[in-house]
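Here the structure comes first, spelled out in structure tokens, and everything after it is commentary.
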Amino acid sequence: MPRILNLHPDNPQTRLITQAVESIQRGGVIALPTDSGYALGCALGDKDAMERIRSIRGLDDKHFFTLMVRDLSEISVYARVDNIAYRFLRQYTPGAYTFILPASSEAPRRLQHPKRKTVGVRVPEHPLTQALLQVLGEPLLSSTLILAGDSEPLCDPEEIKSRVGKRLDLILDVGFCADQPTTVIDMAGDDMLLVRRGLGEVPAGVIEND
């Protein structure tokens, strides 16, 4: 069974955050809270851990993972952001959004769309996740904790433990959290397109599919 760390949602204990980072650095897969439900996370460069997440969620190799980053400046390391995109991102980060952007040369190839050369990034608005990213010092490879056959992310740590706990190294437990995924916006083309409606309100100027 995984280790379960009970953390304060607004003021997470530093020593427990450090333990979580050490687990990630050892190749662990963790469940962590975000502003849009629990997510699975692992080290950016750990391909084996990434494949474990893929297996836990029942994903095929066409699924694209998200880079969970600290702030807008870190987005600019892994994605190409022009002035218009920068102003938009500054308004909507941190928040419950995932943005699809042109990948920079720093973005790992396995995270990029093979044809479009794009990457998905998000800046979570959750004190624990932000604290974890600060101590980790690099983006977290992440995927919303939605299991095969489910329509919403898991939001109860006890359910996470009972359903997938044996396949995780660590669960960061802050109690219940949101049960909607992020709103996904594609900013890689001439227009901003809504890919998925989620917790974040759809911003003005984003084109919704009929």
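For the sequence shown, position 190 matches number 172 in this note's numbering, and the numbering has no gaps at all. Idealized CB from N, CA, C, for every residue including glycine.
Sheet register partners of residue i (DSSP bridge)
i: residue 74; result: None, per the DSSP bridge assignment.
i: residue 139; result: For residue 139, which the question treats as bridged, DSSP gives no partner whatsoever.
i: residue 124; result: 23, 48
i: residue 103; result: 49, 81
i: residue 176; result: 167
i: residue 66; result: Paired residues: none, contrary to the question.
i: residue 155; result: -12
Burial state of residue i, where buried means 16 or more other Cβ atoms lie within 10 Å
i: residue 108; result: buried
i: residue 119; result: exposed
i: residue 135; result: buried
i: residue 130; result: exposed
i: residue 144; result: exposed
i: residue 112; result: buried
i: residue -6; result: buried
i: residue 16; result: buried
i: residue 23; result: buried
i: residue 43; result: exposed
Spatial neighbours of residue i in its chain, beta-carbon cut-off 6 Å, leaving aside the 5 residues before and after
i: residue 34; result: 11
For residue j and residue i, believed in contact at Cβ under 8 Å, the rounded distance
i: residue 153; j: residue 6; result: Not really, about 13 Å apart at Cβ, beyond 8 Å.
i: residue 166; j: residue 180; result: 7 Å
i: residue 170; j: residue 98; result: 6 Å
Cut-off 8 Å between Cβ atoms - residues of its own chain near residue i, not counting five sequence neighbours on either side
i: residue 157; result: -9, 139
i: residue 60; result: 49, 51, 85, 86, 88, 89, 101, 103, 121
i: residue 37; result: 149
i: residue 162; result: 18, 19, 78, 134, 135, 180, 181
Cβ neighbours of residue i in the same chain (closer than 7 Å, five flanking residues each side left out)
i: residue 21; result: 14, 124, 125, 126, 127
Give the list of continuous beta strand (DSSP E) stretches no shorter than 3 residues that lie fully inside the segment -16 to 60. -15 to -12, 12 to 16, 19 to 25, 48 to 50
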